[in-house]
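Visitor: Chains as they are written, first to last, in the UniProt record's numbering: chain P, 1 to 346; chain H, 1 to 346.
Following this message is one structure expressed as C-alpha cells.
There are 2 protein chains.
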Amino acid sequence: MQKNVYFETLGTASLNQLVQNGNYSKIIVLVDENTHEKCLDKFMERTPFTIDGIITIKPGEEHKNITTCNMVWQSLADFGCDRKSLLINLGGGVVTDLGGFTASTFKRGMDFVNVPTTLLSMVDAAIGGKTGIDFGVLKNQIGTITQPKLVLILQTFLETLEKRQFVSGYAEMLKHGLIAKHAHWETLKQKQLEIDADDIEASSQVKVGIVEQDPYEMGVRKKLNFGHTLGHAIESYYLEHLTKPTLLHGEAIAAGMILEGYLSHKVSGLSKVSLDEINKVVSAHFDKIDFEKDEIPIFIDLMKHDKKNTHGNINFVLLREIGNAVIDCKVSEKEIQEAFSYYMDR
Amino acid sequence: MQKNVYFETLGTASLNQLVQNGNYSKIIVLVDENTHEKCLDKFMERTPFTIDGIITIKPGEEHKNITTCNMVWQSLADFGCDRKSLLINLGGGVVTDLGGFTASTFKRGMDFVNVPTTLLSMVDAAIGGKTGIDFGVLKNQIGTITQPKLVLILQTFLETLEKRQFVSGYAEMLKHGLIAKHAHWETLKQKQLEIDADDIEASSQVKVGIVEQDPYEMGVRKKLNFGHTLGHAIESYYLEHLTKPTLLHGEAIAAGMILEGYLSHKVSGLSKVSLDEINKVVSAHFDKIDFEKDEIPIFIDLMKHDKKNTHGNINFVLLREIGNAVIDCKVSEKEIQEAFSYYMDR
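See the structure below:
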C-alpha cells in the first residue's frame, strides 16, 4: 500500500499535489451541516484549486443510510461527475464512511480523499479504506474496502470540536495503545486529555501500520476491533432505541474496552492489575452506562449478526497484556454475562 | 487474474470444488421469477451441496435498481449471511449485475458465483467483474468492479431461451469478432444462428482474454464498448420512455454497431466494403429501429453522461478493420448525425 496519510498544520500541500497530477474532471466537496458551518471556509481558504460543487448531508449516524447515498449519487450526477472526478470528504466518520462508499460505487469507482475534522476520524475512521453505511439496526452492513487516494489531517480542525466529541475520539487512541503500543498507552495515561499533535500522529500511525499489513482484515487487522464487538452491539441498540440517551461511538467503545478487558482477564491471561488499570484510566473520562439486565441477551443476539462474526460464532479480540492483543478468541455467553456484572458493580 | 470461467455440459464440478474448499457459512441462490421457474430445478438437481436460501427478484432491467438491492441485502441479513457466505447468481445480466453488486457490498464483500442462463450473459455480462445497478435514466451508474469467484457456464440453460433473447446475445458474439477476432466473425457470418457450444466458448474467451489484460478498464478493455456508446444511449432512452417498444440490450447494441461502423468508416479507416458487410450481417437478424430526427440530440446528451466519458468528451471505440479496434476516438456531433442518416437510409 502506498503512503497516503499526511499530517499538515499549515497548508494542504499533499492534496494540492494530488489535484495537480490528477487532471480531475470535477472536484466536489462533501460536508454535513456542521462541517459546512464550522470547517468548510477554513478548508477552502487553504486550497488553491477550483471546487466545482458542495454536497451537504444531514449530520449524525442516523443519516448514514441508503437514502442519503441516493441523494449524494444524484448530486454527483447533477454536477456532471464522471469516473475521473474527485470527491473530498470533509467531516467526521459519517461523512468519510458514507462519502467513501458513494465514491467507490459511483460509475464503478471515482477517487476520493478524506479530510477528517474530528479526533475520532483523524486517528481511526478516515484511515484504512473501510467505507460503508448502516442498514437497519446494524452498523456498516453495506460497504466496500476501498482506499482513499489521500488522508489529509489538518490539525486546525481540532479547534472546532466540542469536548464530548474530543473525548469520544480519545477512546480510540486508548485502544491503539492497548492493542499494539504500550508506550502510547503510558503517554495517554499520563497526559490524560492534554494530548498534542504528536500524540495524534502516533495514534493514527498505529492504525496505518496495522492496515498496511492486512488491508482486507484477514488476520492482524482484526486487532483494531478490541472493544468493538460488545461496543458495536451497544451502539447499535442505543441508536435504534430513541428513548435511550445519545451514545457517541467512543463512549460505546469505552464501555466495550472495560467489558472486553474483563473477558481478557478471564480468557486470554490479562493480569488483574492491568484490568484494574484499564478500568481506572477509561473510567476517568467516560461515565458508566446504565445497562438493564434484560438488555444483555439483546446485545448477544446483535453480536451474532455483526459482520465480523462468521458461522454463528462470536469472535473477540482480547488482550494478553497491555500493548499485546490476540484475535479469534471464543467466549461463552456466561462469561459475557459476568463481564456485564463486573462493569456494573465496579 | 485467476482462471475463473468454466464450461460444463453435464455437471457442476468446478462449483462443487469451490464449495468444498470454501467452508461457506451459508449458500444462497439469487434468481428472478423467470429463472426461478425455468432454471432453478435444473440447477439444484446438479448440485450436491445444501442451499440455505433462495432469493427471488422481479425480472427485467427496470428492476435493476436500489430498491431491489435493499430487498436482497435484507434477505441476506434475514438468512443470517455473513462475510463468509456465498451468493450464487443464477440468471441473465440483471441477476448477475445486481447480485454481484449486492454481494460485493454486503458486509463489505462476500463471495459470489455467476451461473449465466442467457446467451448474452454467457458470452458477456457474467464475465469480467463489472457489477452494478441503474440509477435514474442511466444504466449501471452505481456499481463496483469485483470478480466473481467463478463463472459456471452450463449449456443446458440455452434450451430455456426464447429466440429473441438468443438473438440479443448473438449481437455480443458478433461484437467480439469485430473488435478482436476476424475468424470468429467469419464463423458467425457463415453459421448465422446455427452456432454451437464451441462458438459460445470461443466468444466468451475473447472477453476473458481482454479482461485479464485490463480488469479496471484503463485501456484495452474499452474495446468491449464498441457499439455500446450509442447503443447504451439508445437503450437508456427506450427504457425510460414507456410508450416506446421494448428494446433488448443486444438489439440496441446491434444498432450501435451499425452506427459506430459508419463512424469507423468516416474516422478510423474502416473500408466501405467492411462497413457494408457489417451492415448486411447485422441487418439479417436485427430489425431497423425507427428513430425520430429530434431524438438524436437526446442520445448525444445521454452519451455525455455515460460513465465511460470523462471531461465532457464523447469517446468512441471504432474499427480499423474487422477484428481490429481502436479506443479513444473523437467524433463530432455532425458525424453522429450523419451516422443516423446512414442507418435510416440503408
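All residues carry an ideal CB built from backbone N, CA and C; glycine is no exception.
1. Only counting the same chain, and skipping five residues up and downstream in sequence, which positions put a Cβ closer than 7 Å to that of L152(H)?
2. Less than 8 Å between CB atoms is the rule here; does K42(H) satisfy it with respect to chain P?
3. Of all the options E235(P), D214(P), H305(P) and V326(P), which has the alpha carbon lying nearest to the alpha carbon of S264(P)?
4. Would the C-beta of T67(H) count as close to the ligand NAD, meaning under 7 Å from any of its heavy atoms?
5. Compute the Euclidean distance between the alpha carbons of T68(P) and E321(P), then round it to the nearest angstrom.
6. What does T56(P) pair with, by DSSP beta-bridge criteria?
7. Have a look at D301(H), Q147(H), D214(H) and M122(H) and flag the residue whose alpha-carbon is nearest the alpha-carbon of G132(H).
8. At a Cβ cut of 8 Å, what residues of the region 105-119 of chain H count as close to chain P, listed as they run along the chain?
9. Compare the beta carbon distance of T105(P) and G143(H) with 8 Å and say whether it is the shorter of the two.
10. Can you give me the start and stop residues for the alpha helix (DSSP H) that K139(P) sits inside?
11. Using a Cβ-Cβ cut-off of 8 Å, state whether K222(H) counts as contacting chain P.
12. Tell me the rounded alpha-carbon separation between residue 421(H) and H305(H).
13. Quick one: give me the first and last residue of the beta strand (DSSP E) that R320(H) is part of.
14. Would a check of beta-carbon distances place A255(H) closer than 8 Å to chain P?
15. Cutting at 7 Å between CB atoms, please list the residues of its own chain near H228(H), excluding the five before and the five after it.
16. Grab the span of the alpha helix (DSSP H) containing Y216(P) for me, first residue to last.
17. In chain P, what lies closer than 7 Å to I142(H) by C-beta?
18. Look up C81(P) in the DSSP assignment and give the residues it is bridged to.
19. Secondary structure at P297(H), three-state DSSP: helix, strand or coil?
20. What's the call for G209(H), buried or exposed, on a 16-neighbour Cβ count within 10 Å?
21. Pairs of beta-carbons, one from the region 275-288 of chain P and one from the region 162-181 of chain P, closer than 8 Å: are there three or more?
22. Could you tell me which chain P residues have their CB closer than 8 Å to the CB of A77(H), listed as they occur along the chain?
23. Work out the CA separation of G128(P) and V211(P) for me, nearest whole Å.
24. Given that N70(H) touches chain P, what residues does it touch there, using C-beta distances under 7 Å?
25. Starting from the C-beta of V72(H), find all residues in its chain whose C-beta is less than 8 Å away, skip the five residues before and the five after it, and write them out in chain order.
26. Measure from the C-beta of M1(P) to each C-beta in chain H and report whether the shortest distance is under 8 Å.
27. Kindly indicate which residue of L193(H), D111(H) and D301(H) has the alpha-carbon position closest to the one of G22(H).
28. Quick one: list the residues of chain P neighbouring K130(H), beta-carbon separation under 9 Å, in chain order.
29. Taking only the alpha-carbon atoms, compute the straight-line gap between K163(H) and S85(H) and give it to the nearest angstrom.
30. Does the distance from the CB of Y237(H) to the CB of E201(H) come in under 8 Å?
31. Under 8 Å between the Cβ atoms of G93(H) and D32(H)?
32. Beta strand (DSSP E) containing E194(P): first to last residue?
33. Shortest alpha-carbon distance to G80(H) belongs to which of V206(P), V123(P), M303(P) and L230(P)?
Guide: On the basis of the supplied data:
1. Y6, E8, T12, S14, L15, V113 and V115
2. no
3. V326(P)
4. Although the ligand NAD was asked about, the structure shown includes no ligands whatsoever.
5. Distance from the CA of T68(P) to the CA of E321(P), rounded to the nearest whole angstrom, comes to 42 Å.
6. V31(P)
7. The shortest C-alpha separation from G132(H) is found at Q147(H).
8. T105, F106, K107, R108 and G109
9. yes
10. No alpha helix (DSSP H) contains K139(P), which is instead part of the beta strand (DSSP E) from L138 to I142.
11. no
12. Only positions 1 to 346 of chain H appear in the structure, and residue 421(H) is not among them; the question remains open.
13. N315 to E321
14. no
15. I253 and G256
16. Run containing Y216(P): none; DSSP gives neither H nor E here.
17. W73, T105 and F106
18. The partner list for C81(P) (beta bridge, DSSP) is empty, contrary to what the question assumes.
19. helix
20. exposed
21. yes
22. F135, G136, L138, Q141 and H305
23. 6 Å
24. Here the neighbours are I66.
25. L30, I55, I57, L98, G99 and T102
26. Here M1(P) scores only 46 on pLDDT, less than 50, and its place in the model should not be relied on; the value that follows carries that caveat. Answer no: the Cβ-Cβ gap between M1(P) and chain H never drops below 8 Å.
27. D111(H)
28. R108
29. 36 Å
30. No, the pair does not count as a contact, with Cβ atoms beyond the cut-off.
31. no
32. Note, E194(P): premise wrong, no beta strand (DSSP E); not H, not E.
33. M303(P)
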